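Numbering (the UniProt record's numbering), first residue to last: 533 to 966.
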Ligand code: PMP
């Protein structure tokens, strides 16, 4: 076995060699050495239930992925200009999963790349100049993906510094937003009409609307009923395209649905996916209509060296096989339902719990100081996460106020581990209340 480095010394070395902009979880993070299913194990052998890892969908250390990677590496891995079977099988599989009429796939290496490409597709196809994006969203770090991101938790100056081609619309947060309740879509759509009229007056034209179909960055908040139907209609009436950023919430995580857009009963023009597709291997995709892809092709070729490599496609196919063979979407529905009921019961007992969001295994717990103004309990959320770590659970806050526990574990989570988390949370909430 390799000698274990002193964790404090290793953190210092990390700060010296690794750019400090990329934060790690916790002030004194456990040094993780191993993962197995939905568990992480640190250098001292302490095991944690991983309630936050939405990338490792089929679980850590899956032997079928390890074997697929090993055998593909020894057979072939090369850039995607070559012709090989894995790419065809993977793109066919993704196109089959996508709703009609989305039938054409681009393969890239991350969610950021997928969003960046989706925006370029829309701007090229429409020839229009403006992209609409909802506030409090996160879509990635490249110039274009960052431009449509406005989460102030990630960038405190976000609202003042978006470029001219981005127009932010109200965050459709049915729980803590400007309008509340699942029936609040008409009010948000009314505001959108005002935005669109102002853009018309300024001579701008809408190329695209981009949003997560379930508000993942705010903690898994379901959009008001009919919100996306209304927005998509208005955007399409102006010749714009609708982009569903499914990077976080889709790919079976919602349990009841494979795609987040199914929950809102809409079909987008462009889907972006990443994270879950590769179970941690860098993999992303854009799925769209053939005419949108063909219009982009007229501008010149698109090429991503490792996007769609034999290895990436083989891993992507294996992830889908595992999800099917192990019934992980069904497990997300059953275990997620159990977990959500448990969280709601804690909400009935503890005032700190302002709301419980989401479905399947994308859930959120909003921690508030009062339930009328929803004053965010930001410091308490941070403390609660530290306390949960001591009880063997890894979970983290999200949202503009960093007060929503984001719960998005590997989809193989068991009822027993969900209960372990619920008991630990109950214990900590009791301590904080007392
Ligand atoms: N879109 C959404 C909705 C995301 O949550 C993220 C990552 N958190 C991204 C895009 C960017 O993905 P990546 O980190 O793979 O570049």
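Every residue gets a Cβ at the ideal spot worked out from N, C-alpha and C, and that includes glycine.
Note that the coordinates shown come from a computational prediction; the quantities given were computed from them, not determined experimentally.
By the neighbour-count criterion, in which a residue is buried when 16 or more other Cβ atoms sit within 10 angstroms of its Cβ, residue 714 is exposed. Excluding sequence positions up to five before and after residue 639, its CB lies within less than 8 angstroms of the CB of 612, 619, 622, 623, 815, 816, 817, 836, 839, 840, 844 and 845, all in the same chain and listed in chain order.
Distance from the CA of residue 934 to the CA of residue 615, rounded to the nearest whole angstrom, comes to 46 angstroms.
The straight-line gap separating the alpha-carbon atoms of residue 769 and residue 725 is approximately 12 angstroms. At a cut-off of 7 angstroms, the beta-carbon of residue 940 does not count as near ligand 1: no heavy atom of the ligand is closer than that.
Its chain contains 714, 715 and 717 as the residues whose beta carbon lies nearer than 7 angstroms to that of residue 757, once the 5 sequence neighbours on both sides are disregarded; these appear in chain order.
With contacts defined by Cβ atoms closer than 8 angstroms, residue 589 and residue 875 do not form a contacting pair.
Looking at the DSSP output, residue 928 bridges to 938. In terms of side-chain proximity, the C-beta atom of residue 777 is found nearer than 7 angstroms to a non-hydrogen atom of ligand 1. When secondary structure is reduced to three states using DSSP, residue 639 falls in the strand class. Shortest Cα-Cα distance from residue 755 to any of 902, 911, 691 and 889 involves 889. Cβ-Cβ distances below 6 angstroms link residue 710 to 702 in the same chain, with the five nearest sequence neighbours on each side left out; the list follows chain order. Look at residue 763 here: in three-state DSSP terms it is helix. Contact check for residue 742 against residue 799 fails: the beta carbons are separated by 8 angstroms or more. Residue 658 and residue 692 have their C-alpha atoms roughly 27 angstroms apart. Take the alpha-carbon of residue 902 and the one of residue 886: they are about 8 angstroms apart. With contacts defined as CB atoms closer than 8 angstroms, residue 663 and residue 649 fail to qualify as a contacting pair. Between residue 871 and residue 961, the C-beta gap is not smaller than 8 angstroms, which leaves the two residues out of contact. Relative to ligand 1, the nearest heavy atom lies less than 7 angstroms away from the CB of residue 749.
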